[in-house]
Amino acid sequence: MTDPLGPVPASSVAGDRRRPWVVVGVDPSPSARLALQWAWRYVQALQGTLLACTAVPGTAPSFDERPERLAALEQKAKEELAQATARTRQVLQDALGEAEAAQAVLVVRLGGVADVLVGAAKDADLLVVGTTPRGRLGRALLGTIRPGLLGATRCPVVLVPALDQAT
Numbered sequence: 002m003t004d005p006l007g008p009v010p011a012s013s014v015a016g017d018r019r020r021p022w023v024v025v026g027v028d029p030s031p032s033a034r035l036a037l038q039w040a041w042r043y044v045q046a047l048q049g050t051l052l053a054c055t056a057v058p059g060t061a062p063s064f065d066e067r068p069e070r071l072a073a074l075e076q077k078a079k080e081e082l083a084q085a086t087a088r089t090r091q092v093l094q095d096a097l098g099e100a101e102a103a104q105a106v107l108v109v110r111l112g113g114v115a116d117v118l119v120g121a122a123k124d125a126d127l128l129v130v131g132t133t134p135r136g137r138l139g140r141a142l143l144g145t146i147r148p149g150l151l152g153a154t155r156c157p158v159v160l161v162p163a164l165d166q167a168t
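Be aware that the sequence shown starts at 2, since it is given in the numbering used here, and climbs by one per residue.
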């Protein structure tokens with residue numbers, strides 16, 4: 002699996018950002034919030050850098066290549082990325098607090114969840130994701146990103162269980 006936009010450029014993380022680099026998948030779910038809090042504690046203990054990563058589903062390809070249609074699709078993608086960035090910032094602030102959230106590097110990309118997380122974690126030291134209890138039927142209907150992550154990442158992956166899974 003590859004991220005169509007490539008990995009997170011090292012320049013967006015390097016410089017004053019300290020290793021280890023920990024990528025955490027962020028969405029509004031309770032399990033992602035637990036993963037974010039776990040990853041933050043880990044990063045703080047090791048004095049590293051947290052990369053909070055959100056995937057935004059891409060728009061369906063279009064065979065209509067008129068300039069105005071392509072411009073409209075590009076504008077829509079920009080708006081979706083801006084909205085996802087604002088939502089991700091809010092999730093970070095709610096889960097960690099404003100000061101801590103400001104220390105995280107935000108990565109918001111177009112694409113499938115597994116592809117975006119694998120691309121963001123290409124140069125990371127650890128990838129952290131929350132798990133959602135779905136049961137057999139839920140997995141059959143909705144699928145899961147875990148197999149895609151576990152088989153494609155080069156770094157260790159931590160799966161943080163939802164509270165009702167941890168008992």
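Glycine included, each C-beta is placed from N, C-alpha and C at the ideal position.
If you look at Val130, you'll find it in the beta strand (DSSP E) that goes 127-131.
Straight-line spacing of the CA atoms in Leu111 and Leu160 works out to 23 Å.
Inclusion of Val23 and Leu127 in the CB contact set at 9 Å is warranted, their separation being smaller than that value. Three or more beta-carbon pairs separated by less than 8 Å link the region 44-54 to the region 115-122, which places the two stretches in contact.
The beta carbons of Val92 and Val27 sit about 6 Å from each other, so the pair counts as a contact at 8 Å. A direct Cα-to-Cα measurement between Lys77 and Ala115 gives close to 22 Å.
The shortest CA-to-CA distance from Gln104 to any of Thr50, Gln38, Arg34, Ala46 is the one to Thr50. Of the candidates Arg20, Ser30, Pro58, Pro31, the residue whose Cα lies closest to the Cα of Val44 is Arg20. With contacts defined as CB atoms closer than 9 Å, Trp41 and Ala96 qualify as a contacting pair. The straight-line gap separating the alpha-carbon atoms of Gly113 and Gln38 is approximately 23 Å. When rounded, the separation of the alpha-carbon atoms in Ser30 and Glu75 is 28 Å. Look at the region 15-80 and you find these whole runs of alpha helix (DSSP H), each 4 residues long or longer: 31-47.
Rounded to the nearest whole angstrom, the C-alpha separation of Arg70 and Leu164 is 45 Å.
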